[in-house]
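In what follows, a single structure is set out as structure tokens and then discussed.
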Amino acid sequence: MEHPCFTLPGTNSSQTRTPSFLLGGFPAGETAQMGSAVSLCSTYLLALLGNCTVLSIIKVEESLHAPMYLLLATLAVADLGLSTSTFPSMLMTLWLEAREISFGICVAQMFFIHTFTDIESAVILAMAFDRYVAIRHPLRYSSILTNSVIIKICVAIIMRTILILLPLTVLLVQLCFTRVNKLSHPYCLHPDIIKHAGSDTRINSVYGLFALLSTLGLDLLLVLLSYVLILKTVLNIATWRERLKALNTCISHVCAVLLFFIPMICLSMLHRFGKHVSPHVYTFVANLHFLAPPILNPIIYSVKTKVIRRRILRMFCQRGVCNSRAAICHQSRHDGHG
């Protein structure tokens, strides 16, 4: 992507080049460390395996073709997209010491990271609404939240994300960059990019704040409101056993909310007030925000959802039986030849 506003220091305006950035996030002394790179690869493979397993089980099991599990499948897709958007540049920085990234690739990565982040946030909100309806109107749940309603919600989530992020990307492309700048993370984020611009960024900053508040901020507020209504409904239930049973259905979702929003809030606080915080803490919180949900969400939902847990155990048992049978057959053939 050619960017005419980019000029090299010490040259006239006619000498231009394609703008680029230097990825940060990992201290220079830690790059090319095999152990860290292997850990990162293992983390990504774990996220890939967990979310693909959840998606395959939901696809195969007809009993899981229900609103709650369709939202879970959408959450898994968002987790896959988020981890896949951040992993390549992280590995490139950590293992290959290839820190430079072109402007076009950086903008594309930024768009996909923010897209999947906003989608995950909206899906978590939809799941909170699902839990509220299930607890508040258990007898009408299947008539209120049908599969077609969930599909419409998912389409609305995607449309909202695209309509908000496209102007953000277009405004970013219009900015001028006067030198190669080092980013704070091993991936491209909108606030990190615009602070290196050589032109006026007030419109970008205002719209970026609007995009943040109208997506992640609004979603968090509505999630909290949903749980206020859930708690109010639970407290009106007669017995403690029924109250605990109702709350137990929300545990997985509460974990997903905490995994997603707490690192995001901590990272935002560090951006504002953490000027003297160690770079290692900053890097840890930033990477936790993007790596923890894709890894832990499938584990949490697999442990708490009986159908998914049984299906996974069945898969392992079948493999164990097949391996045992293969060993017996091999031993029988060996004995026969003997």
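Sequential numbering from 170 applies to the sequence shown in the working numbering.
All C-beta atoms, glycine included, are put in the ideal place defined by N, C-alpha and C.
The beta carbon of Leu465 sits closer than 7 Å to those of Leu428, all from its chain and outside the five residues before and after it, given in chain order. When the five nearest sequence neighbours on each side are left out, the beta carbons in the same chain lying within less than 8 Å of the beta carbon of Ile331 are those of Thr284, in order along the chain. With 16 or more other CB atoms across the displayed protein chains lying within 10 angstroms of its CB, His458 is buried. Contact check for Cys357 against Gln487 fails: the beta carbons are separated by 8 Å or more.
DSSP places Glu231 outside any beta strand (DSSP E), giving it a letter other than H or E. By the C-beta criterion, the stretch 224-242 is judged not to be in contact with the stretch 331-342, since fewer than 3 inter-stretch pairs fall below 8 Å. Rounded to whole angstroms, Thr262 and Ser205 show a C-alpha spacing of 11 Å.
Taking each of Leu340, Tyr451, Thr315 in turn and checking the Cα distance to Gly377, the smallest one comes out for Leu340.
In this structure, the alpha-carbon of Leu217 lies about 21 Å from that of Val454.
If you look at Ser353, you'll find it isn't in any beta strand (DSSP E); DSSP assigns it neither H nor E. Only residues of its own chain outside the window of five on either side were considered, and among them Ile226, Val229, Glu230 have a CB closer than 8 Å to the CB of Arg480, listed in chain order. Restricted to the stretch 383-422, the alpha helix (DSSP H) segments that are unbroken, complete and at least 4 residues in length are 387-404, 409-417, listed in chain order. Contact between the stretch 414-434 and the stretch 381-400 is present: 3 or more CB-CB pairs across the two stretches fall below 8 Å. Pairing Trp264 with Val446, the inter-Cα distance amounts to about 25 Å. Assignment of beta-bridge partners to Leu378 by DSSP yields no partner. The three-state reading of DSSP puts Ser447 in coil, since its state is none of H, G, I, E or B.
Comparing alpha-carbon positions, the option among Leu251, Ser271, Val292 lying closest to Phe281 turns out to be Leu251. Sorting Gly194, Thr253, Ile469, Ile420 by C-alpha distance to the C-alpha of Leu214 places Thr253 at the top. Here DSSP, grouped into helix, strand and coil, assigns Leu314 to coil. Ile270 has Phe190 as its beta-bridge partners, per DSSP.
Leu344 sits in coil when the DSSP states are folded into three classes, being neither helix nor strand. Inclusion of His359 and Gly194 in the CB contact set at 8 Å is not warranted, their separation being larger than that value.
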